[in-house]
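With the working numbering applied, the sequence shown corresponds to residues 249 to 498, in that order.
Worksheet: the structure to be examined is printed underneath.
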Amino acid sequence: MRVNRGPGAAIHYETHGEGPAVLLSHGFGLTARMWAGQVEALAPANRLILWDLRGHGRSDSPEDPALYDPEACVADMVALLDAEGIERAVVGGLSLGGYLSLAFHLRHPDRVRALMLFDCGPGFRRDEPREAWNERTRKRSGRIAAGDARALAELEPGGHRDLAGVARAARWTMLHHDGSALESLPSVRAPTLVLIGEHDAPFRGAADYMARKIPNAEQVVLPEAGHTANLDNPAAFNAAVSAFLARLPA
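Structural data, given as structure tokens:
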């Protein structure tokens, strides 16, 4: 299915199952297909909404760089829920998708039943590390646009219609402009699951920080998993997420 987000910016999404809504956002360079291992485990008790971020997979890749701003992605998430007639959902994602889930909560807390933050960080408080991150994303974008073999190997194989769109997403969607998402952590009132692969060293500190700062958050360190925890250890991932969802108040 597709939801129209303006000229050249239609968003692909799919739904699975019936029950309370769960909106899942994928990591950079991946697509909704990354959640294939979760459908059978979660769809019997939940209504899963999976989507391809703009520039990724089967979604459109607008040429205007301004259309890749994280705020545009948050607006896409609102549009997906609206298209399905859903007022509140469990909102979660991995890596970039986890950060966007936190950004969604910052803008629309009344629409978040619960948060699930997988192998991600909340951004940066200080300018220096933020700019270092941004510079790495700019370089990554350039390597993808140039067809660098190592950069392309980090993307989902055969998953994208337009690699130029993926490069634009790296250049613009991945950028951090301020510390608003990080500063919002103490104000989160939605039940929150912070899950991190035990071998995801670059994001372990960020996960620990979020678990400390978000009131009543619960943290799971997934064994035998790295940055893509749901792909590395799907059985343990599905068990942890299913248990969290089952504990949520109606």
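Where is the CB? At the ideal position from N, CA and C, for every residue including glycine.
Source: prediction; values computed, not measured.
Beta carbon proximity, residue i to chain C, threshold 9 Å
i	result
Leu272	Given the protein chain composition of this structure (a single chain), no chain C is represented.
Beta carbon of residue i nearer than 9 Å to that of residue j
i	j	result
Arg323	Ala314	Per the sequence presented here, residue 323 reads as Ala, with Arg not at that position. No, these two residues do not count as a Cβ contact at 9 Å.
His475	Ser349	no
Leu470	Met364	no
Ala429	Ile392	no
Ala502	Cys368	Residue 502 is absent from the structure shown; the chain starts at 249 and stops at 498.
Asp293	Ser490	A small fix is needed here, since residue 293 is Ala in this sequence, not Asp. In contact: Ala293 and Ser490 (Cβ atoms closer than 9 Å).
Lys461	Pro434	yes
Ala327	Val251	yes
Leu443	Ala494	no
His264	Ala291	yes
Ala459	Gln467	yes
Ala257	Arg302	yes
Met325	Val338	no
Pro310	Gly254	yes
Residue i in three-state terms, based on DSSP
i	result
Phe276	coil
Glu466	strand
Glu262	strand
Phe352	helix
Arg409	coil
Phe372	coil
Thr385	helix
Leu423	coil
Gly267	coil
Leu301	coil
Arg437	coil
Arg378	helix
Gly474	coil
Gly445	strand
Arg253	coil
Ala399	helix
Contact belief for residue i with residue j at Cβ below 8 Å, rounded distance in angstroms
i	j	result
Glu317	Ser307	The question names Glu, yet the displayed sequence has Asp at residue 317. Actually they are not in contact, since the Cβ atoms of Asp317 and Ser307 sit about 15 Å apart, beyond 8 Å.
Leu298	Glu262	5 Å
His353	Val436	6 Å
Phe366	Gly346	5 Å
Asp403	Gly285	The question names Asp, but residue 403 in the sequence shown is Leu. Not really, about 19 Å apart at Cβ, beyond 8 Å.
Leu329	Arg373	At roughly 30 Å, the Cβ-Cβ gap does not stay under 8 Å, so Leu329 and Arg373 are not in contact.
Span of the alpha helix (DSSP H) around residue i
i	result
Ala394	Taken as a continuous stretch (DSSP letters only), Ala394 belongs to no alpha helix (DSSP H), as it is neither H nor E.
Ala293	Here Ala293 belongs to no alpha helix (DSSP H), and DSSP marks it neither H nor E.
Val326	318-331
Val489	482-495
Glu431	428-431
Residue i, enclosing beta strand (DSSP E) - first and last residue
i	result
Arg361	360-366
Val339	337-342
Gly453	Note, Gly453: premise wrong, no beta strand (DSSP E); alpha helix (DSSP H) at 449-461.
Review point. If we count Cβ pairs, one from each stretch, closer than 8 Å, do we get three or more for the segment 322-338 versus the segment 277-293?
Key: no
Exercise for review: Indicate whether the contact test is met: 3 or more Cβ pairs, each with one atom in the segment 423-443 and one in the segment 400-412, closer than 8 Å.
Suggested key: no
Practice item. Determine, using beta-carbon pairs with one atom in the segment 375-389 and one in the segment 480-490, whether at least three such pairs fall under 8 Å. Key: no
Review point. Any chance the segment 384-401 sits against the segment 267-275, with 3 or more Cβ pairs inside 8 Å?
Key: No, because fewer than three Cβ pairs between the segment 384-401 and the segment 267-275 fall closer than 8 Å, the two stretches do not touch.
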